[in-house]
Amino acid sequence: MSGQRKPTVSRWRHVVARSSLLIALAACGGCGGDGSPARYPVEGQVLVGSKPVAEATVIFHPLQGAPAELPKPIGTTDAEGRFRLTTLTPSDGAAPGEYAVTVELRALKAVGEEEVREGKHLLPARYARSETSGLTQQVSAGPNRLAPIVLKAR
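Be aware that the sequence shown starts at 0, since it is given in numbering that gives the first Met the number 0, and climbs by one per residue.
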């Protein structure tokens, strides 16, 4: 014997298994991990004049270049009016493309033992429809920090 050990069958299986895993991981590079289009972080702020709008729902409706097969990216504003978009998983952002934006804030309404935001519009109703909001945003590959979305009170 020359002092070198011959690779055993189990060692070869280990090498093949590791190689297969690396090939599979390389094939998924750039995708969302679930086969859907890549999404990029999107954060912004909603203001009425210079005042932040808390607890509003912000929805991005796909226009040109944005994939229509994904759910619409959505976010909820915090006390400072800031939001982060979610498409499939929390804060995963949105796919690149152009979007019409809607912003809706409704009064709380008692439904059974819960309070839900199904009451009257607290913002002008035009901002709740993509056809009338007049708001658009562009999402690019990479992190997106949007300029504030400034709404008019009436």
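Yeah, the Cβ is synthetic: ideal placement off N, Cα and C, and Gly gets one too.
| Residues near Arg-83 by beta carbon distance below 6 Å, same chain, minus five either side | Numbered from its first residue, the sequence shown carries residue 83 at position 84. Cβ neighbours of Arg-83 beyond the five flanking positions: Glu-42, Gly-74 and Ser-90.
Quiz item: Could you give the uninterrupted runs of the beta strand (DSSP E) lying entirely in the segment 17-101, keeping only those of 3 residues or more?
Solution: 41-47, 56-61, 73-75 and 81-83
Practice prompt. Counting only the same chain and skipping the five closest in sequence on each side, list residues whose C-beta sits under 6 Å from that of Ala-55.
Written response: Here residue 55 refers to the residue found at position 56 of the sequence shown. So the qualifying residues of the chain are Val-45, Thr-76, Val-102 and Leu-104.
Within 10 Å of its beta-carbon, does Ser-139 have 16 or more other beta-carbons around it, so buried, or fewer, so exposed?
Translated into positions along the sequence shown, residue 139 becomes position 140. That one is exposed.
Distance between Leu-87 and Ser-35 (C-alpha atoms, nearest Å)
As a first step, residue 35 is located in the sequence shown; it is residue number 36 there, counting from the start. As a first step, residue 87 is located in the sequence shown; it is residue number 88 there, counting from the start. Looking at the two C-alpha atoms, the distance is approximately 9 Å.
Contact set for Ala-152: own chain, Cβ-Cβ below 8 Å, skip 5 residues either direction: If you number the sequence shown from 1, residue 152 lands on position 153. Around Ala-152: Val-47, Gly-48 and Pro-123.
| query | How about Ala-37 and Ala-94: are their beta carbons less than 8 Å apart? | reply | The residue labelled residue 37 in the question sits at position 38 within the sequence shown. The residue labelled residue 94 in the question sits at position 95 within the sequence shown. For Ala-37 and Ala-94, yes; Cβs fall inside 8 Å.
From the DSSP output, in three-state form, read off Arg-125 for me.
-> Position 126 of the sequence shown holds residue 125. Residue state, collapsed to three classes: helix.
Practice prompt. Give the single residue among Gly-64, Thr-85 and Val-57 whose Cα lies nearest to the Cα of Pro-70.
Written response: Position 71 of the sequence shown, counted from the start, is the residue given in the question as residue 70. Measuring from the Cα of Pro-70, the nearest candidate turns out to be Thr-85.
Fill in: Opening and closing residue of the beta strand (DSSP E) in which Leu-150 lies
Position 151 of the sequence shown, counted from the start, is the residue given in the question as residue 150. Looking at the DSSP string, the run of the beta strand (DSSP E) that includes Leu-150 is 148-150.
With distances taken Cα to Cα, identify the nearest neighbour of Ala-67 among Val-57, Ala-78 and Glu-97.
-> The residue you call residue 67 lines up with position 68 of the sequence shown. If we check each option's Cα against that of Ala-67, Glu-97 comes out closest.
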